[in-house]
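Chemist:
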Amino acid sequence: MIQSRRIFLRNSALAMVGMGTAPLWLQRALYANTGSAGRKKILIAIFQRGAADGLNIVVPHGEKAYYNLRPTIAIPRPDSGDAQNSTIDLDGFFGLHPSLAPLKPLFDQQHLAIVDAVGSPDPTRSHFDAQDYMESGTPGLKATRDGWMNRALPRELGEVSPVRAVSLGATMSRSMTGLNPAIALQSIAGFQVKDAEAAKQFENMYMGSKDPRMQAAGRETFAAVSMLQSIQKQAYTPAGGAEYPRSNFGNSLKQIAQLIKSNVGMEMAFADIGGWDHHVNEMGQHASEGLLATRLADYAQALRAFWQDMGDRMQDVAVVTMSEFGRTAHENGTRGTDHGHANCMFVMGGEVKGGRVYGQWPGLERDQLYENRDLALTTDFRDVLGELVAKHLGNPQVNGVFPGYSPKFVGLT
Amino acid sequence: MRKKAAIALVCALSLATFTGISAYAGKKNDEQARLFAKQIPGAERITQALNRLTFGARPGDAAAVRSMGLKKWIAAQLNPDSIPENPVLTDKLKTLDTLAMSAEELVKNYPTPQMVKQMVAGQMPFPTDPNRRMMIERLVVKAEKKQGQGDQVNPDAPQAQPLADVLSREEIRALRTGTPEQRRAAFQSLPKDKQDDVIAAMAPGMRQGLFQNASPEVRRKIVMANGPAQVVARDLMESKLLRAVYSNRQLSEVLDDFWFNHFNVFLDKGADRYLITAYERDVIRPHVLGKFRELLEATAKSPAMLFYLDNWQSVGPNAPQPRADAKKGRRGLNENYGRELLELHTLGVDGGYTQKDVTEVARCFTGWTILQPQRGGAFSFNKRTHDSGEKVVLGVTIPAGGGIEDGEKVLDIVAHHPATARFVSTKLAQRFVADEPPATLIDRMAQTFLKTDGDLKAVMRTMIDSKEFWSEGAYRTKMKSPLEMVASAVRAVNGDIDYAFPLANQIAQLGQPLYRKQEPTGYSNSSREWMNSGGLLARMNFALQLTNDKVPGVKVDMAKVTKPSDPTSGIALGSPDFQKK
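Quick mapping for you: the protein sequence lines, in order, are chains A and B. The numbering used here applies: residue 10 is where the first sequence begins, and numbers increase by one. The numbering used here applies: residue 67 is where the second sequence begins, and numbers increase by one.
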């Protein structure tokens, strides 16, 4: 009885939301709870575009070969005497790049887990193909039309929030493309037609379009617009003294936090952070300077701010980061690295079993390298994502999310 | 209808040996083939031509094509030199003086703050043009003043002039208050030599207030005062939009957009901010209807590409090493360009090359470098850093002992490779015909490519003469890119662009910042890229803003447009129909 009453309430209230007449409290209450299990779980995926150099991010400082392969761009050992410019030790073998210092407390509190020597088994070293494979969740298969996140949305009976899946940025990410409604959003405040009369006319035109793609996009858009109306006018102040960096990525995470805390029913978000393709001068004079250090500082500060801002809500959230492939184990001739193979992933969340570096380390001796040049792969990225989909989101259909592959859980959750 | 279904059923049954799935795929392909075979009627052919071969129809364009004859119009578009350029465009481009400059001149005349510092230190010459020199000297004064703050004041620095020293109180008040027209009049009434001082002394906010109503010359001084290096990027964006909107050689402009994107470079990567002007002007534009091999070589030898894909620093194993400085490390190979040349510029990712080929190609291009890229230097081949060992590229042996010809040989191999013919044809067909162009069309275009030694005009002709181009499978099936949307909207309302930078910002909002695609892939040619909620909302808002005459720099006359149903109303320009081409 209670259950059906709730569904009734949800559906009729959703109809009101659709018409833009629902009071704020009702809109919020709608998506705040789903039964005895409490609030819905939220999955956030971060893509580091350009192939981040995993070996200088999670530094195998216990591996002698690492220092031999990278005479000028290796991150110095933790005991080098210059703490600002040395690896931050994690477990005696692995450590973090010094610019990741803001994330160290999260690791220590066991809310941040790292998976190393992980990635896509496909051998491609093309940015485009590798990103495509990772985002579709089907390495080697180009024909897959939808993205893994779209398929990973748990099946729901009845209505779902129009902002259930949000891709940050001006274009829809490949990861979130698919049959389930998902929206691309640059900013919460800008997500509206700025003239109410015109908005109505546009809505009618898009709904009436004979082009099914336009019609579907229009329906999703205007439903999301009415959903977000209520939170557009409020200025957002991050909690816990969080300071997001003034960067695209910082801004994306801030909006994600706002969406989560406004209880508009978001279950999934995607954001990317570009600029990781460091063929030249990856490191400056010191380890804490240069191209990679700058990217990592932005990355770490934004994630740290998000963590602080979310506070207790982090219990519902898991954040996972990935990059299309790693980079050559040896440095190239221009103080950078070329396209490689395996990489690292970060998983952060209230219920994540953090404080550990997961995965089997394959070693960096020549015969241990993939094609004699790159870090070999020992964990498939779908094992990490699959576990989050199955155990964090509670979606039992994980084989449908990664067709043709059965994820072997890593034990992160 | 029923008859057609019956035929389809017979077709499906005749594929009895196929599995269920391929029978379905077969059926879908049949449907596709039917759509690409079915020709659109005559009246729609003109619309199709204007949609695909231009940046959208202006009022009167369709009638003009009809009276000229579609065939003749297309022939002219394929021979852009035969079309007199629009004097309106020529006039509007006149103030954008960076467009004609060499990279070296750009660096000198529009320096970054660091370069201004170098000029002060005597490490770089000041510009020769007296006006610009004056503007830069003022910047120097300002920079030194800023540096002086906190530190001790440099006693040799000339005194920076605050606004109060240049103008009377009344004059300052007139510039700060009143309508934009009044402010403009107040500024214009100042003597010419004082105007420069005033701009330099103004706070940025006050400058911006003057901007909107200022003459092109004064606007330029304002931008210059905000930072000379910005002028170069702004001029590129201004010119791209002005040409898209006003050029009579529309197909040539569409192709410039296509080929720049195919050989993408990124404005914000270091020295490239000064190298792209010459790249677009001298490398891309002259070759868009020429031979692919020449276009390819022009990109390979362009400082913009050499810098963007790092090849200028890639050297062979016997290259002289910098002094034994452990921190600097050994210089060596960088395979970035080698890979993208094969994957993105020529063969395509499935073109049948291996990692070994990538490395071998990279070896062939060692020594292809730039002299002083930060000063706008030119391409140069450095024999001493070239790897002269033997290489094998795609099965072809390139003997030891070669020089610059090693790289040129690679360009020969890939430019004439069947995979390149297919890859280039597929991309063109995807841009001009359909998101998923039919294989039969690609085959014919690729054949033309191979038969004509990569003559891009011939390939375009094969495509435009094809039945697929004029079919229902193509007609109004593609979504406009943000650049196409914005340019076509301005064209549809006959907008008068005074300055185009705000339009360029709109395009960035819609998801396609011009000259700022960081990845070497360029923007996707497929509609799918642009079909999303945030992007659609931004398009609707832009349409309203434009037709309400609220986009700075563009004047539109909407006096005659009264109903939302008018084809050039804001509602019409934001409608689903207008997003398609």
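Every residue gets a Cβ at the ideal spot worked out from N, C-alpha and C, and that includes glycine.
Whose Cβ in chain B lies nearer than 7 angstroms to the Cβ of A:N341?
Modeler: What A:N341 touches in chain B: G398, L399, N400.
Chemist: Using the three-state DSSP reduction, which class does B:H483 fall into: helix, strand or coil?
Modeler: Note: B:H483 maps to coil in three-state DSSP.
Chemist: For B:S641, which residues in the same chain have their Cβ closer than 6 angstroms to its Cβ, ignoring the five residues on either side in sequence?
Modeler: Hits under 6 angstroms: none found.
Chemist: Of the residues B:A123, B:T420, B:V297, B:V354, which one's Cα is nearest the Cα of B:Y176?
Modeler: Nearest option by C-alpha distance: B:V297.
Chemist: Give the residues of chain A in contact with B:L159, contact being defined as C-beta atoms less than 8 angstroms apart.
Modeler: None at all; the shortest Cβ gap to chain A is about 29 angstroms.
Chemist: Could you spell out where the beta strand (DSSP E) holding A:V326 opens and where it closes?
Modeler: It spans 326–332 - the beta strand (DSSP E) in which A:V326 sits, taken as one unbroken run.
Chemist: Roughly how many angstroms lie between the CA atoms of B:R531 and B:I112, to the nearest whole one?
Modeler: According to the sequence displayed, residue 531 of chain B carries Asp and not Arg. The alpha-carbon atoms of B:D531 and B:I112 are separated by roughly 14 angstroms.
Chemist: Is the region 190–198 of chain A close to the region 582–602 of chain B, with three or more CB pairs under 8 angstroms?
Modeler: A contact exists between the region 190–198 of chain A and the region 582–602 of chain B.
Chemist: Are the C-beta of B:E538 and some C-beta of chain A separated by less than 8 angstroms?
Modeler: By this cut-off, B:E538 is not an interface position.
Chemist: What does B:T587 touch in chain A if you count any residue whose Cβ is under 8 angstroms from its own?
Modeler: Per Cβ cutoff of 8 angstroms: H136, F137.
Chemist: Rounded to whole angstroms, what is the Cα-Cα separation between B:V284 and B:F332?
Modeler: Cα-Cα distance, rounded: 29 angstroms.
Chemist: Is the separation between the beta-carbon of A:A278 and that of A:V393 shorter than 8 angstroms?
Modeler: Taking 8 angstroms as the Cβ cut-off, A:A278 and A:V393 do not qualify as a contacting pair.
Chemist: Determine the extent of the beta strand (DSSP E) in which B:T156 is found, giving its start and end residues.
Modeler: Premise fails: B:T156 lies in the alpha helix (DSSP H), 153–159, not in any beta strand (DSSP E).
Chemist: If you compare alpha carbons, which of A:G342, A:V326, A:G403, A:T330 is closest to B:P383?
Modeler: Of the listed residues, the one whose Cα sits closest to B:P383 is A:G342.
Chemist: Flag this pair as yes or no: are the beta carbons of B:R235 and B:L241 separated by less than 8 angstroms?
Modeler: No.
Chemist: Output needed in chain order: residues of the region 597–614 of chain B with a Cβ under 7 angstroms from some Cβ in chain A.
Modeler: Flagged, chain order: M597, N598, S599, G600, G601, L602, L603, M606, N607, L610.
Chemist: Just checking: is the beta-carbon of B:V415 within a distance shorter than 8 angstroms of some beta-carbon in chain A?
Modeler: At least one chain A Cβ lies under 8 angstroms of B:V415.
Chemist: Compute the beta-carbon to beta-carbon distance between A:M185 and A:N159, rounded to the nearest angstrom, for a pair I have assumed lies under 8 angstroms.
Modeler: Their Cβ separation, rounded to whole angstroms, is 5 angstroms, which keeps A:M185 and A:N159 in contact under 8 angstroms.
Chemist: Pairing CB atoms from the region 149–169 of chain A with CB atoms from the region 366–381 of chain A, are three or more of them under 8 angstroms?
Modeler: No contact exists between the region 149–169 of chain A and the region 366–381 of chain A.
Chemist: Inspect the beta-carbon positions of B:A512 and B:R488 and report whether they are closer than 8 angstroms.
Modeler: Cβ atoms of B:A512 and B:R488: closer than 8 angstroms.
Chemist: For A:V127, which residues does DSSP report across the bridge?
Modeler: According to DSSP, which records beta bridges pairwise, A:V127 is partnered with A:N352, A:T388.
Chemist: Would A:L237 and A:V172 be called neighbours here (beta carbons separated by less than 8 angstroms)?
Modeler: Going by C-beta atoms, A:L237 is nearer than 8 angstroms to A:V172.
Chemist: With distance defined between alpha-carbon atoms, name the residue in A:A266, A:G299, A:S271, A:H350 nearest to A:F315.
Modeler: It is A:A266 whose Cα lies nearest to the Cα of A:F315.
Chemist: DSSP three-state call for A:M277: helix, strand or coil?
Modeler: Note: A:M277 maps to strand in three-state DSSP.
Chemist: Mind listing, in chain order, the continuous alpha helix (DSSP H) runs of no fewer than 4 residues lying wholly within the region 405–470 of chain B?
Modeler: 421–430, all fully within the region 405–470 of chain B.
Chemist: Between B:A103 and A:M319, what straight-line distance do the alpha-carbon atoms span, to the nearest angstrom?
Modeler: Spanning the two alpha carbons is a distance of roughly 57 angstroms.
Chemist: Using a Cβ cut-off of 9 angstroms, which residues of the region 282–309 of chain B contact any Cβ in chain A, in chain order?
Modeler: Result list empty, no residue passes.
Chemist: Exposed or buried, B:V556, counting other C-beta atoms within 10 Å across all chains shown (16 or more means buried)?
Modeler: By the 10 Å Cβ count, B:V556 comes out buried.
Chemist: Check each residue of the region 362–381 of chain B: if its Cβ is closer than 9 angstroms to any Cβ of chain A, include it; give the result in chain order.
Modeler: Listed by position, the residues of the region 362–381 of chain B near chain A (Cβ gap below 9 angstroms) are L375, D376, Q379, S380, V381.
Chemist: Here's the rule I'm using: 16 or more other beta-carbon atoms within 10 Å means buried, otherwise exposed. How should B:V458 be labelled?
Modeler: Exposed is the call here.
Chemist: What residues from the region 563–576 of chain B come within 9 angstroms of chain A, judged by C-beta to C-beta, listed N to C?
Modeler: Of all residues in the region 563–576 of chain B, A574, Q575, L576 have a Cβ within less than 9 angstroms of some Cβ in chain A.
Chemist: Beta carbons nearer than 7 angstroms to chain A: which residues of the region 627–644 of chain B have them?
Modeler: Flagged, chain order: P630, G636, I637, G640, S641, P642.
Chemist: Starting from A:M357, follow its DSSP beta bridges and name the residues at the other end.
Modeler: Paired residue(s): A:L121, A:V328.
Chemist: Is the region 353–363 of chain B in contact with the region 179–196 of chain B, if contact means three or more CB pairs nearer than 8 angstroms?
Modeler: These segments do not touch.
Chemist: Suppose you measure from the CA of A:G283 to the CA of A:S129; what does that come to, to the nearest Å?
Modeler: About 19 angstroms.
Chemist: Considering only the alpha carbon of each residue, which of B:L407, B:R339, B:A428, B:K422 lies closest to B:N400?
Modeler: The shortest C-alpha separation from B:N400 is found at B:A428.
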